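Structure, as structure tokens:
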Amino acid sequence: MSDTPGREIAAVVRETGTGPVIEVSGDLDIDQVDVLHAVFNQVLLRTPAPSVVLVDLWAVPFCDSSGLNELLRARLQAEQRGTLLALARPSRQVVRLLDVTGTDQVFEVTEGPPARSA
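Positions 160 to 277 (the working numbering) are the ones given, in order, by the sequence shown.
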């Protein structure tokens, strides 16, 4: 662990016409992963289950193995409910992490910005 504090994570749920978008900002690491876990549970346990959930990772400058594990856990949870969990606009660091770990083959990734609700 570093003595340098990371950027505190924030996860905001925005409703769109195609389903919820979880906008994540800050460092997704072992110290902050519980915040995202709680938001994933809030969104993925809805009844009825959403058909698609986008996770906007544009403002995530750092993601460690704990953060990646939480994304994978949420993907599995979503899949079990018949929901597609897709990653939108991942930062360069997140793209690199997905590539190095081979998990870029597991997630649906979109480079375009999530649609804004009117």
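Glycine included, C-beta positions come from ideal geometry on N, C-alpha and C.
Quick caveat, the model's predicted, so the values are computed rather than measured.
Write down the C-beta distance between Arg232 and Phe266 rounded to the nearest angstrom, noting that I regard them as a contact closer than 8 Å.
Not quite, the Cβ-Cβ distance comes to about 13 Å (not below 8 Å), so this is no contact.
Is the beta carbon of Ala247 closer than 9 Å to that of Thr269?
Yes.
What I want to know is whether the C-beta of Leu235 ends up closer than 8 Å to one or more non-hydrogen atoms of the ligand ADP.
Because no ligand of any kind appears in the structure shown, any question about the ligand ADP cannot be addressed here.
Quick check on Gly176: buried or exposed, where buried means 16 or more other Cβ atoms within 10 Å of its Cβ?
By the neighbour-count rule (16 or more Cβ atoms within 10 Å), Gly176 is not buried but exposed.
Does DSSP classify Ser224 as helix, strand or coil?
In this structure, Ser224 counts as helix in the three-state DSSP scheme.
Report yes if the CB atom of Gly226 is closer than 9 Å to the CB atom of Val172, and no otherwise.
Cβ atoms of Gly226 and Val172: not closer than 9 Å.
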